[in-house]
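Quick notes on the structure that follows.
Numbering (UniProt numbering), first residue to last: 1 to 991.
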C-alpha cells in the first residue's frame, strides 16, 4: 500500500501498476473514487483515504514533509506515526524531515538519493523571452489566466494547471505540453508535486501566496519544491523569475542550487484516540494537546469548524445522543470543502446530510441528491463557471462514494463520475480554445525548424502564408492580421516580406503612372488610390500650397518613393487649382493695386470669407474701378461680409476646411482627422456647436448669430429683404406696401424673412440682434370690429402687413456693417446702416399727396361722411437697423438741448422709451412735416391722445428744434381735375 499526496498522482500510479500487475490485482482508493477488486494485492491511495482495516506487508507514504502543512499536516503526521506495514514501512520525502523523524521514530534507517542533474539560477527574464519548455508559476487563478493569455499571443499558447482542476482536466492539459503542441505551461504551486514533465526552466511570476490565513512569501524549501520540477534525472534545469517578480536574493539562490534547506521543526498533530461517548466528549478529545516534543496541535480545519457549528444546533444535538450517532456525525463532518465556501454554508450542507442519515430510512433523500447533481450537469459557461461546477460535483462524488449513505451507491458513483468527466472535458476544451492557438503553434514549429514557407498575394491585397491568412496590403502598407501578434507576427512578416516587397513595387509604378481621376482627396487630407490611402497632405510653405507625403513603410524607398511623391504633389496642386480657382486668381491679383490688392490678400488669407467689419476703412477707400476689378475676380461686397460666392459650394468648402485645418496643424492646434463635420448640405442655418474650433464656421461659409449659425449668402439676402421694407417708397400710385414694412419706417418680422434663414421665434430674433438690429415697441390703433370679426386670428395693423412677432426684450449686438455700394450686374447690397437721411421725410404715404388731392378728399368726405369705426390700441415690435429711426446717433448740440429724463426713470432697452420721455421721432430725428397747419394740428391731437399713460405736456416746454420753413407750393394747373375739385369745395364752403 502507498499513500500519495494527490488524487491526480494516485491515479497516475494506479494506471502504471495496473498495466503491469493486471486490473484484478490493483485497488484505487481516494476520497472521490474507489476501485476495489476482490483479490486486490496492491493498494494505491491518497493519504487521507488510506484504509485502516487492510493489513499489508509493505506500506509507503510519499511527501512526508507535508506533515508540517497547516491544512493537511495532521493527517500526514497521523499516518507517519501510526500506520505500518507488517514487514516494511517506507517514508518518502525531503531531507528536512530527518531530525524530527529520528527523534519521533528511533531506529529509522535513512537513505539519501542525491539529484543527478544540476539546478542553476537563470535570473530575471521577460515572459516573451523565456526559453521553450518552460513552466511559469503563479499563485492565483487570475494571474495564471493572464499569463497564459500573454503567452498565447506571443508564443502560440500554453497549457494551464491549477489545483481546482479535476484530475482528468489536469492530465489533458499536461498531455498538450508533453506532446509538444505547446512549449509552455502556466501553473500554480500544484505543479510542485505529482507531475512529472519535461521542464527545462521554471519561472516564478510571483513569490507570494495566500496560505489560507495570510499572504506571505514562500520559504526556500517551498521554492525548492517547485523549482525542482526543472530538469529531471540526467537533464540539468534552470529557474528564475519573470519581469513581474523581484529577483531572488543571493542566499536564496545558493540554497536552491545546493538543496540546502532548514529542517522542519514542528509537525501538525491531532489526537486520533477520539471519544464518541457524547458530543462534548468528542470535542474535548479533538482539542487535546500532544505530549511529545516536535508536535503541535493543528489549527481548526473545515471538519472541526463544521462540528463546532453543528454542536451549537439544537436539532443536531437532539440527533447525536448515542455513541454511534456521534461517530456518524464526525464521519459526515469530514466531507471536504472543495468549493471553498463560507464555514456556515458548508456546515449547512453537512447538517442537511446528517439529518437525512439520522431520520427516515437512514439514507440521503435521492430527490434532493438528484437536484444537487442536476445543478452541476450543465457544461455551458466560462472557465470560472465550469471550475465552480467541478468543485460542486467533487463534493457530491465524495458523498456518493460513502458505502452506506445512499440506497444505490454504485449507481450514484457512476452518475457523479460521468458528470465530472463531462465537466472536465468541457473545461479542457475552453482552456484550449482560450489559451492555445493551434495555427500559431504549428507555424512557430515550422519557423523554428527553418523551413521555407509558401506565401501568396491576392488581387485584393490579402497575403497568405502556407494557406493561412496573415494580413493585407493596403496602399503601400502591410497590415498584419489582428489575430497574430508578438513573435508570431514578426515571423510571419519575415516569411512574407519577399512577396510584399514585389507587390508594393508594382503598386508604386501604377500610382506614378495613374491619372488624376484615379486619385481622390478625402476631407481629412488622405490621398486615396484603389480604395486605400497612399498619401496625405501636410502643411506647406503657403496656405494654398500644402505638401503631399507618401504613406508607406520601409518597403518603398529610393527612386520609386520619389516618383510617387512627385505624382501625388502634382495631383494635389491641380486639384486645388481646379476647385479653388477664384482664390488662386485673387492670390495672383492681376490688375489689382494698393487697397484692392490688400483686400484680395486678406480674402486669400481667410480662404474666401472676410468679415466686412475687419476691412471697413479699406472698403470705404475703394474706387468703383477697384470694386469692379475685385468683382471680376469673383468677390462680392455684402452687407456683412466680403466673400467669393463660388467658394461656398460643397466641394470648395470641404477643400477650404482641409487647408484651414492644415494651417492649424502647423501651429499644433488641430489635427485634420479631428475636423468636425460642417452643417449639412442645403441647410441655410444650424444650431451653434460651441465645441467647434474658433473660425470653423467662418471657413464653412457660416456666421455665428446668437444660438444659430447662418449661411452668409442667406444673411445678405435677408439684409436685402429688410432694406426694401425699412426704406420702402412707392414707385407708382396705388402700389401696395410690402408685408413687414411699417408706415413711418422700420419693419416687423414676417415669414418671408424667417424662411430665408430656416428658423423662427427666439432663434430668429437672436439673429437680428447679432446683426445689430434694434427693436422699438410702439402703440398703434386698430379697428375693434376687425378683431371681433375673426377672434384669435392675426389682425393687420395700420401701416404694416400681418405678422406675428413675439415680444422679446432686445439686447446689444455686435458693431454694424458699413455702407455698401451697389454694383452693376448683381443684387444691390445696401447697408444695414443707411447714409445720412435726405431732407425729405422717410415716411411716404401710400398715395402721393398733393393739394388738389387733399381738396378732392375733403370734398368727398363732406359729400359722403364715413361712419366712425371704434379703435383699440395695440403694442407692436418694430425693428430698425442701428443708427436709424429712433436709434439714430444725435449730434452733441442736439443732445444738450434735449429735455432730461424724468427723475428716477431708467433708460429702456431696445429703443423703448421710459415714462415721461418724448416719443421717438421718425428716421433722422427730424420733425414730422405735413402739408398744411391743419394737418399738423390733427397730428398733434392724435399724439396727445397717445400720451394718456404719461405725465401732461408742459405748456412752457421749448421746442427741441425749430420748425423748418415750408417750401412754396407750386400753383395748380386750373385745367387739372384737382383744380375742379378744389373749386367745388370752395363753392360748397361758401354756402
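The beta-carbon is built from N, C-alpha and C at its ideal position, and this holds for glycine as well.
- DSSP, read as helix, strand or coil, puts residue 84 in coil.
- DSSP places residue 225 inside the alpha helix (DSSP H), whose first and last residues are 220 to 227.
- In this structure, residue 626 keeps its C-beta atom at 8 Å or more from the C-beta atom of residue 663.
- Non-local beta-carbon contacts of residue 59 in its own chain, meaning distances under 7 Å to residues more than five positions away in sequence, involve 1, 83, 84, 85 and 89 in chain order.
- When secondary structure is reduced to three states using DSSP, residue 75 falls in the helix class.
- Around residue 547, the same chain offers 538 and 540 as residues with beta carbons nearer than 6 Å, after the five sequence neighbours per side are excluded.
- For residue 215, the number of other beta carbons within 10 angstroms of its own is below 16, and it is reported as exposed.
- Cβ atoms of residue 158 and residue 182 come within 8 Å of each other, at about 6 Å.
- Sequence-distant Cβ neighbours of residue 242 in its own chain, meaning closer than 6 Å and more than five residues away, are 127, 203 and 205.
- DSSP places residue 641 in the strand class (E or B) of the three-state scheme.
- With at least 16 other beta carbons inside 10 angstroms of its own, residue 555 counts as buried.
- No Cβ-Cβ contact shorter than 8 Å links residue 640 with residue 602.
- Using a Cβ-Cβ distance cut-off of 8 Å, the segment 171 to 182 and the segment 148 to 163 are in contact, since at least three pairs of beta carbons, one from each stretch, lie closer than that value.
- In this structure, residue 270 sits near residue 297, with a CB-CB distance shorter than 8 Å.
- Assigned with DSSP and collapsed to three states, residue 43 falls in strand.
- Going by C-alpha positions, residue 510 is about 57 Å away from residue 765.
- In the three-state scheme derived from DSSP, where H, G and I count as helix and E and B as strand, residue 34 is classed as strand.
- Straight through space, the alpha carbons of residue 518 and residue 534 are spaced by roughly 12 Å.
- Nearest Cα to residue 512 within the set 569, 502 and 480: 569.
- Burial is judged here by how many other beta carbons sit within 10 angstroms of a residue's own beta carbon; residue 876 has at least 16 and is buried.
- Judged by DSSP secondary structure, residue 314 falls within the alpha helix (DSSP H) whose first and last residues are 314 to 319.
- Of the residues assessed, residue 411 falls on the exposed side of the cut-off, its CB having fewer than 16 other CB atoms within 10 angstroms.
- For residue 629, the enclosing alpha helix (DSSP H) stretches over residues 624 to 632.
- The closest CA to that of residue 622, considering only 470, 606 and 598, is found on 598.
- If you ignore the 5 residues before and after residue 376, its C-beta comes within less than 6 Å of the C-beta of 389, 392, 393 and 419, all in its own chain and listed in chain order.
- In this structure residue 724 does not touch residue 736 by the C-beta definition: roughly 13 Å separates them, more than the 8 Å allowed.
- Comparing alpha-carbon positions, the option among 71, 45 and 707 lying closest to residue 61 turns out to be 45.
- According to the DSSP assignment, residue 775 belongs to the beta strand (DSSP E) that extends over 773 to 783.
- In the three-state DSSP reduction, residue 469 falls in the strand class (E or B).
- Counting the other Cβ atoms within 10 Å of the Cβ of residue 749 gives 16 or more, which makes it buried.
- About 22 Å separates the beta carbon of residue 579 from that of residue 564, a gap too long to meet the 8 Å contact definition.
- For residue 871, the enclosing beta strand (DSSP E) starts and ends at 871 to 881.
- For the 8 Å CB-CB criterion, residue 577 and residue 586 do not form a contact.
- When secondary structure is reduced to three states using DSSP, residue 160 falls in the strand class.
- Each residue's CA atom was taken as its position, placing residue 200 and residue 230 some 5 Å apart.
- Positions of the beta strand (DSSP E) runs, each at least 3 residues long and wholly inside the segment 665 to 738, are given as 685 to 687, 702 to 705 and 708 to 711 in order along the chain.
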